[in-house]
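Okay, structure first, notes after.
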Amino acid sequence: MTTLARRMSQLTGVTAVTAAVLLGASGVAAADEWPPVPTAPSPTAPFETKRFLTPGDLDYWNPLVSRDRLTSPFGTSTRIVCTAFHGVTLGCWQADRAGNPHKLIRLPFNVPSVTGSSQPGGGPSHFVYPGLS
């Protein structure tokens with residue numbers, strides 16, 4: 017094997033190992049913080065909820081049902097904390113099995129629902145656990 021070929025194979029090996037380490041580290045979701053509880057009365061104070069349609073519910077798949085949806089490997093079995101304003105859910109956090117909070121990703125549309133977008137604040141939303149979107 018020539019020196020150039022040997023150097024290229026070493027460089028390729030180092031690059032592959034580095035990429036594997038970086039990709040492996042990015043697959044682990046870092047825990048977020050629960051939303052802060054305001055010290056004064058606030059219309060957006062966080063609250064615990066389980067009021068989501070999940071893929072196991074038949075209404076989740078019904079495009080005419082206008083309710084908040086959740087796509088998560090935990091369903092609604094772990095703690096979920098949300099903030100809302102005038103009945104419109106703004107943001108949500110869900111605990112993993114260890115109890116660490118993760119901010120859910122709010123999709124721009126409440127897929128598969130085709131109704132509710134004309135409601136105040138855009139209506140119900142679809143939230144996805146990080147790493148599933």
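For the sequence shown, my numbering begins at 17 and goes up steadily by one.
All residues carry an ideal CB built from backbone N, CA and C; glycine is no exception.
Checklist line | Three or more C-beta pairs below 8 angstroms linking the segment 123 to 131 and the segment 93 to 110 | finding: With a cut-off of 8 angstroms on Cβ pairs, the segment 123 to 131 is not in contact with the segment 93 to 110, counting fewer than three such pairs.
Item checked: Collapsed DSSP secondary structure at Leu-74 in the structure displayed -> Walking along the sequence shown from the start, residue 74 turns up at place 58. Of the three classes helix, strand and coil, the one that applies to Leu-74 here is helix, per DSSP.
Next item on the list: Quick one: measure Cβ to Cβ for Thr-94 and Thr-70, integer angstroms, because I've assumed they're closer than 8 angstroms.
Entry: Residue mapping note: residue 94 aligns to position 78 of the sequence shown, counting from 1. Residue mapping note: residue 70 aligns to position 54 of the sequence shown, counting from 1. A Cβ-Cβ separation of about 12 angstroms leaves Thr-94 out of contact with Thr-70 under the 8 angstroms criterion.
Next item on the list: Would you list the residues sitting across from Arg-122 in a DSSP beta bridge?
Entry: In the sequence shown, residue 122 corresponds to position 106, counting from 1. DSSP lists Phe-143 as partners of Arg-122.
Next item on the list: State the Cα-Cα distance for the pair Trp-148 and Ser-88, rounded to the nearest angstrom.
Entry: In the sequence shown, residue 148 corresponds to position 132, counting from 1. In the sequence shown, residue 88 corresponds to position 72, counting from 1. Reading off the sequence, residue 148 comes out as Leu, not Trp. Distance between the alpha carbons of Leu-148 and Ser-88: 8 angstroms.
Note to self: Just to confirm the assignment, what range does the beta strand (DSSP E) spanning Ala-61 have?
What the structure shows: As a working mapping, residue 61 is identified with position 45 in the sequence shown. Unbroken run through Ala-61: none, as it is neither H nor E.
Notebook entry, point to check: Since Ala-111 sits in a beta bridge, which residues does DSSP pair it with?
Noted result: Taking the first residue of the sequence shown as 1, we reach residue 111 at position 95. Pro-117.
Check: Under three-state DSSP, which class holds Gln-135?
Finding: Numbered from its first residue, the sequence shown carries residue 135 at position 119. Coil.
Note to self: Can you tell me whether Leu-38 is helix, strand or coil according to DSSP?
What the structure shows: On the sequence shown, residue 38 is found 22 positions in, with the first residue counted as 1. Confidence at Leu-38 is low in this model, with a pLDDT of 37, below 50, so the placement of that residue is unreliable and no value is reported for it.
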